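Heads up, the thing below is written out as structure tokens.
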């Protein structure tokens, strides 16, 4: 396995930090704005979903900003590694959760839009989906994060501690014995498929349903106008 050069190690350690800091500022501002200045907006489901999403964006940004600092001191080819297994576990646990939770809430906005349009934006008719949106966020994140933590599957990854075997790549290389988490690679692949489905399948499907609903409503309206003219 090719190991990163010194230049690549510096990029791994520091390149993402400015973006993570900006994400932290933007997410924190949205939370502050909704909770202190415009609490009236939280009467709408849309803004409550936005709030939940940004409450996931903030720890996502923190995990990325901390980066290699949380990795075990002495981790090979990871510049700045200064932590221990506990700091790695904490970072990895939250990163595993928000890695799916953030795109999940983005996708849920597509689902929300679909229900809102189909119900003519009468929130009382589709408010019931909100609890399922939040329960779904818990269901697709916490079980995998907890299992990874219990089975020692949270280890130094590329830029942060994540669900990885250690040493990295040992599960696919018979010449490298795995010290931690080598039996969970299939589970990681399932996690990746879930993440891809949430990010790339649910939003377009919801938008296609939304398009069909709008088209059908438009046809119904035209037929209704036609009947009125005939009468």
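Residue numbers (the working numbering): 42 to 272.
Ideal Cβ placement from N, Cα and C applies to all residues, glycine included.
Quantities reported herein were computed from a predicted structural model and do not represent experimental measurements.
- Within the same chain, and ignoring the five residues on either side of residue 247 in sequence, the residues whose Cβ sits closer than 8 angstroms to its Cβ are 148, 151, 152, 154 and 155.
- Secondary structure of residue 196 (DSSP, three-state): strand.
- Under the three-state reduction of DSSP, residue 78 is assigned to helix.
- Boundaries of the beta strand (DSSP E) harbouring residue 204: 202-204, taken from the DSSP string.
- Taking one beta carbon from each stretch, the stretch 107-115 and the stretch 123-141 have 3 or more pairs nearer than 8 angstroms; the two touch.
- For residue 252, the secondary structure class from DSSP, reduced to helix, strand or coil, is helix.
- Counting along the chain, the unbroken alpha helix (DSSP H) around residue 93 starts and ends at 86-107.
- A direct Cα-to-Cα measurement between residue 219 and residue 172 gives close to 41 angstroms.
- Take the alpha-carbon of residue 48 and the one of residue 56: they are about 11 angstroms apart.
- Under the 8 angstroms Cβ criterion, the stretch 184-191 counts as touching the stretch 132-142, having at least three qualifying pairs.
- Listed as beta-bridge partners of residue 207 by DSSP are 221.
- Between residue 72 and residue 94, the gap from beta carbon to beta carbon reaches 8 angstroms or more.
- As a beta-bridge residue in DSSP terms, residue 124 pairs with 113.
- For residue 55, the enclosing alpha helix (DSSP H) starts and ends at 47-55.
- Look at residue 163 here: in three-state DSSP terms it is coil, with no helix or strand label.
- Distance from the CA atom of residue 66 to the CA atom of residue 44, rounded to whole angstroms, is 34 angstroms.
- If you look at residue 240, you'll find it in the alpha helix (DSSP H) that goes 226-241.
- Setting aside the 5 residues that flank it on each side, residue 223 is surrounded in the same chain by 206, 211 and 212, each with a C-beta closer than 7 angstroms to its C-beta; the list follows chain order.
- Taking the Cα positions, residue 99 is about 15 angstroms away from residue 75.
- Per DSSP, residue 70 is one residue of the alpha helix (DSSP H) stretching across 58-73.
- Relative to residue 229, the option among 256, 182, 251 and 252 whose CA is nearest is 182.
- CA-CA distance, residue 51 to residue 199, rounds to 12 angstroms.
- For the pair residue 215 and residue 192, the Cα-to-Cα distance works out to about 20 angstroms.
- No residue range can be given for residue 215, since it is assigned to no alpha helix (DSSP H) and is classified by DSSP as neither H nor E.
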